[in-house]
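Working notes, beginning with the structure itself.
2 protein chains.
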Amino acid sequence: MTAMKVTAELADWIVGLKGTDIPAEVREEGVRTFVNWIGCAVGGAHHETVDAALRAVEPFSGPRKATVLGRREKLDALHAALLNGITSHVLDYDDTHLKTIIHPAGPVASALMGLAEIRPLSGRDLLTALIVGVEVECRIGNAVYPDHYDRGWHITGTAGVFGAAAAVGYAIGLDAQKMRWALGLAATQSAGLREMFGTMTKSFHPGRAAQNGAMSAFLAEAGYDSSEQAIEAKRGFANVMSDKQDYSEILGELGTRWEAALNSYKPFACGIVIHPTIDGCQQIRDEIGGARVKEIAKVQLTTHPLVLELTGKTAPKTGLEGKFSVYHSAACALLHGDGAPTAFTDEVVNQPEIVALRDKVKATADPNCHEASVTIEVTFNDGSTLTKHVERAIGSRDLPLTNEQLETKFMNQATLVIGDAPSRALLDLAWTIEDLDRAAEVAEVSVPTAKLQNAAV
Amino acid sequence: MTAMKVTAELADWIVGLKGTDIPAEVREEGVRTFVNWIGCAVGGAHHETVDAALRAVEPFSGPRKATVLGRREKLDALHAALLNGITSHVLDYDDTHLKTIIHPAGPVASALMGLAEIRPLSGRDLLTALIVGVEVECRIGNAVYPDHYDRGWHITGTAGVFGAAAAVGYAIGLDAQKMRWALGLAATQSAGLREMFGTMTKSFHPGRAAQNGAMSAFLAEAGYDSSEQAIEAKRGFANVMSDKQDYSEILGELGTRWEAALNSYKPFACGIVIHPTIDGCQQIRDEIGGARVKEIAKVQLTTHPLVLELTGKTAPKTGLEGKFSVYHSAACALLHGDGAPTAFTDEVVNQPEIVALRDKVKATADPNCHEASVTIEVTFNDGSTLTKHVERAIGSRDLPLTNEQLETKFMNQATLVIGDAPSRALLDLAWTIEDLDRAAEVAEVSVPTAKLQNAAV
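Right, dumping it as C-alpha cells:
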C-alpha cells in the first residue's frame, strides 16, 4: 500500500459515511460506550483535579452554554470539552480499546457533548459521530502502536485529538478538503507524555485532546488551512512520533472492520490486573454471605506475576495506593463487595476491619496463570476451606460487561454525585440517546440540584 | 552532569531571578526583541490567516479584555495570545535565535501581553519575564537541537510552550513547586510538526505555544499538579521528542551565558539566504539612484549554492513564490529599494518593470561563497559595470540590525496597518517599555482607528 494518501482517503471515508452504513451491533456498542462515558464523567465530576482545572479556566470561559457533567457550573463548549475529558478519566475507570490501551470515549464524547450544546445535534447524529471518532482514533492508534506508546506517548492524548477532530468535523459537516485540514490541525497538536502518569496531568490529556480536536474542526470550518497529508508525510504525525507506521491499520477494511466495536469497560476502578481477584472475591462473598466473611483466617491468591509486580503494595495508606494493592482490593471485595471508586478512598483503605483482613491475604505468582485468571483459596477459623478459580474475569475481552453490569457501574458512580433518582433518570435517558431530538438533553439532565452539589463537594 | 534534576534546577533559577540580575546589555536586547515583535504583530494583523483564526475562535472567547495587536477586536487573554502569536509569525519576518532557528518572541511575548491586560504588570516586569521566557525556550531548544528539529518538530512550537509557561509563571509569581508543574504541563503540550510549513498552520504553532504555555502557568497556580521532572524523565520531553539530550545547555552558566542576548531580527521578509542579495542591491540603488537603475542591462549574482537550491524560482507568479525567487528579490531591491512584506505581494511580483528587470538577473552558485555573502556585478546599457561585494549581510550575526534599521522595519510594516503617526507613537512607546507602569498601554496604543482598520482590511 502506498503511504501517499492516508489522510486524504481517511477524510474521504469520514465525510462520505452515513449513519445507516454502521452495522447495528456497532451502533449498540456505541451506545454502551456513551452510557459508560456519562457514568464516568458524572462519577469523577467532583474530584480535586476537576476543582483545580475549573479554578484555572473559569476566568477565560466564553459563553457559558455547555455543561460540566454532574456539576452546576457551565463553560463555553471548548472548555466544557476539556473538563468532561478530565472528569471521565480522572478515576481511571473509563473505557479501553485493549489493542492500543486507548481510552476512546474521553476525547471524542467530550468534544461532541460540548458541540451538542451550541449547535443543533440529534442523539442519533451524536452517536454516529461518536463511532466515527472512536474508529478514527483507534485506527490511527493501531497504526503506530506499540512503538509510539513505548516511546513514551500517552496514546489517549496523541490519538484522541484525531478522534475528536474527526467526530466534530463529521458532525458539523466539513467537506473532504476541510476534513483533511482538521486532521492536519489535529496532527500538529498531538501531544501527551506518559511521564505525567500519577499526576493530575494524566487526565488533562483526554480533556485537552477533546478541546483541541474540536478546535481543529472549527478552524478548518472557518477556512484555516493545513497540511493535507499530515498523518503520513515525512515530517508528519506517524513518522515523527513513531518508529512503526502501518497504514493498512488506518485504511484497511474501512466500513467492514470496526475497531469501535471492540471497546471494553472496566468493572472495577483500578488497574486491570487486579480485576480477576476482585471478581473472584465478590463471587465468594455472594456465595458465603457477609457474616461468614468475618470468620476468614487466611486468603491465598495464585496470580499472574504481573499482579505482584504492579500491585504488590502490602500496606497502602491512601486511596490511590489502594489501587496498587491486590491485598486491599481482595479485602474490600470480600468485606464490602466493592470494587468501585468507593473502594479506593483514604477512609476505606484505613478501616480497621479492612486492614485486618488485608493482612490475612497472601499472594503467590505463577507464570502459568493467565492475566485474566486467578485462584483464590480461603481458609476459615474452623479450619474449613473454599477454593474459587476465575478462568476469565468480567470486563476482559472474553467476558465483557453485560448491560446490567454497566448499569450497576453507572449507578455506583453517579448516585454519589447527583443522587439515586436523578442517576436512574440520567441512565435511562443515556440508553435512549439514539431517540433524542436534542443530544444536549443528556448533559442538562446530569446537572445536580444545588443541595446535592454541595453534598458532593 | 546528572540528568536527575534538570526541571527542578531550572525552576529554581527562574523563580529566584530578579530583574536586576540581568545585565544591561541583555535587557537592551530584550527591548529590541520586544520592539521587533510589536512591529511584526501589527504588520501581520490583517493577513487572511488571522481573519480565519478570528472567525473560528470568536464564538468561544471569554471576557474580551485583551487586544489583538493592530486590530480593533478584543478577545480573552488566552485567545489574544493565540492570535498575537499567529500575527507576529505569519509574514515569516520575526526574530530568530540562529543556533536553533527558534523564533523566540512569538510564544513568549504573546502570552505576556495577554497577561498584562488582565493583571497588573509593569513594563519592567514584562521585560524581565520576556527575557526569562526567551532564555528558557532557547536553552531547552539548544538541549535537543538539531536532532529534534531534524526529526520533524517545529521547534518554535515545541520549545516555545516552555518559554511561555516560564514567562507567565514568573510574572504571576509561582513558587518553585508550581513552576515545576507549569513546566510539566508545558512539556505535555509540546507540539508542532514541520509538515505544516507552507500552510496557515505554521503560524498556528507560536500562537498555540503562547496560549498553552500561559494556560500551563494558570493551571499550576490553581493547584493543578504535574510531573516535577518533565524535561529529563525517561518518558519526558527530551527523551521522547529527541535523540539528543544535552542538559548542560539548559543548566550550564545560568545567569552568565544569555541565549536571550543572541536574538536576531530579519531585515527582509523572506528566507535568510536571499538577504545578502537584497542588501547589496539596496546599496547599489542608494549609490546610483533610481534613474540609473532603469539603464541596467544585466545583473550577475555569485552566491552560496543554497541560494539557488532554496530560492531559484525564475518566474514567480504570486507574492509567496516571490519569497522563493532571488531574481525577483534582486529586481525589487534595485527598482523599489524594498525587501519588506510590500516587496512580496502578488501585485508587485507581476509588475511589468519588475518582471523585465528580474529577467535580466542571472545567478551562479559558488561553493566558496559564504552564506551571508554575495557578489553582484551590474552591467549598464552603456557598457559600463559596477561590482558590489557584500561580505556579511545586515541581520546576520556579524552585522545585526541597528536600532535605526529596526525602526525602519517597524515603520514599513506598521504604517500599512495603523497609519504613519500612530505607528510612530507605538514605536516610541515600545522603546520605553521598561518605564511603563502598565505594560498593557502598548497593546492599547496599537489599536487602529475604525477608518484605518477598514482600509487595512
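Protein chains in written order, with this note's numbering: chain L, 1 to 457; chain U, 458 to 914. Here a beta-carbon is modelled for each residue, glycine too, at the ideal position from N, C-alpha and C.
Classification of residue i by the beta-carbon crowding that lies within 10 angstroms, buried from 16 upward
i	result
residue 197 of chain L	exposed
residue 489 of chain L	This structure leaves residue 489 of chain L out entirely; chain L is present only between 1 and 457.
residue 771 of chain U	exposed
residue 647 of chain U	buried
residue 142 of chain L	buried
residue 894 of chain U	exposed
residue 463 of chain U	buried
residue 891 of chain U	buried
residue 573 of chain U	buried
residue 215 of chain L	buried
residue 329 of chain L	buried
Under 7 Å between C-beta atoms of residue i and residue j
i	j	result
residue 690 of chain U	residue 195 of chain L	yes
residue 346 of chain L	residue 319 of chain L	yes
residue 783 of chain U	residue 821 of chain U	no
residue 242 of chain L	residue 185 of chain L	no
residue 496 of chain U	residue 875 of chain U	no
residue 159 of chain L	residue 137 of chain L	yes
residue 755 of chain U	residue 817 of chain U	yes
residue 78 of chain L	residue 725 of chain U	no
residue 736 of chain U	residue 851 of chain U	yes
residue 312 of chain L	residue 344 of chain L	no
residue 692 of chain U	residue 152 of chain L	yes
residue 471 of chain U	residue 627 of chain U	yes
Cβ of residue i within 7 Å of any chain L Cβ
i	result
residue 697 of chain U	yes
residue 652 of chain U	yes
residue 489 of chain U	no
residue 619 of chain U	no
residue 645 of chain U	yes
residue 568 of chain U	no
residue 881 of chain U	no
residue 693 of chain U	yes
residue 815 of chain U	no
residue 538 of chain U	no
residue 648 of chain U	yes
residue 523 of chain U	no
residue 399 of chain U	The shown model of chain U, from 458 to 914, leaves out residue 399 of chain U, and the question about it has no answer.
CA nearest to the CA of residue i, picked from the options
i	options	result
residue 231 of chain L	L:78, L:117, L:139, L:96	L:139
residue 166 of chain L	L:154, L:201, L:212	L:212
residue 474 of chain U	U:585, U:667, U:798, U:514	U:585
residue 580 of chain U	U:907, U:904, U:886	U:886
residue 224 of chain L	L:207, L:182, L:36	L:182
residue 178 of chain L	L:93, L:229, L:32	L:229
residue 907 of chain U	U:888, U:896, U:657, U:879	U:879
residue 491 of chain U	U:558, U:780, U:731, U:551	U:551
residue 835 of chain U	U:758, U:645, U:713, U:538	U:758
residue 352 of chain L	L:331, L:367, L:216	L:331
residue 245 of chain L	L:340, L:411, L:146	L:146
residue 631 of chain U	U:676, U:793, U:665	U:676
Proximity test, Cβ basis, 7 Å: residue i and chain U
i	result
residue 76 of chain L	yes
residue 60 of chain L	yes
residue 441 of chain L	no
residue 3 of chain L	With a pLDDT of 47 at residue 3 of chain L, under the threshold of 50, the predicted position of this residue should be treated as unreliable, though the coordinate-derived value follows. No, no contact with chain U.
residue 291 of chain L	no
residue 44 of chain L	no
residue 114 of chain L	no
residue 53 of chain L	yes
residue 159 of chain L	no
residue 56 of chain L	yes
Any non-hydrogen atom of the ligand NAD closer than 6 Å to residue i Cβ
i	result
residue 77 of chain L	Of ligands this structure carries none, so the ligand NAD is not represented either.
Exercise for the section: Determine which residues of the segment 167-180 of chain L have a Cβ less than 8 Å from any Cβ of chain U, and write them out in chain order. Expected result: Listed in sequence order: no entries.
So if I threshold CB-CB distances at 7 Å, which residues from the segment 585-614 of chain U count as touching chain L? Using a CB distance below 7 Å, the part of the segment 585-614 of chain U facing chain L consists of 608, 609, 610, ordered along the chain.
- According to a CB-to-CB cut-off of less than 8 Å, which residues of the segment 657-689 of chain U neighbour chain L? Cβ contacts with chain L: 657, 658, 661, 662, 665, 672, 675, 676, 678, 679, 680, 681, 682, 683, 684, 686, 687.
Next item on the list: Could you run through the segment 92-105 of chain L and flag, in chain order, every residue whose CB is less than 9 Å away from some CB of chain U?
Entry: Of all residues in the segment 92-105 of chain L, none has a Cβ within less than 9 Å of some Cβ in chain U.
Closer than 7 Å between beta carbons: that is the criterion. Which residues of the segment 460-482 of chain U meet it against chain L? Against chain L - using a Cβ distance shorter than 7 Å - the segment 460-482 of chain U contributes no residues.
Beta carbons nearer than 8 Å to chain U: which residues of the segment 365-389 of chain L have them?
Result list empty, no residue passes.
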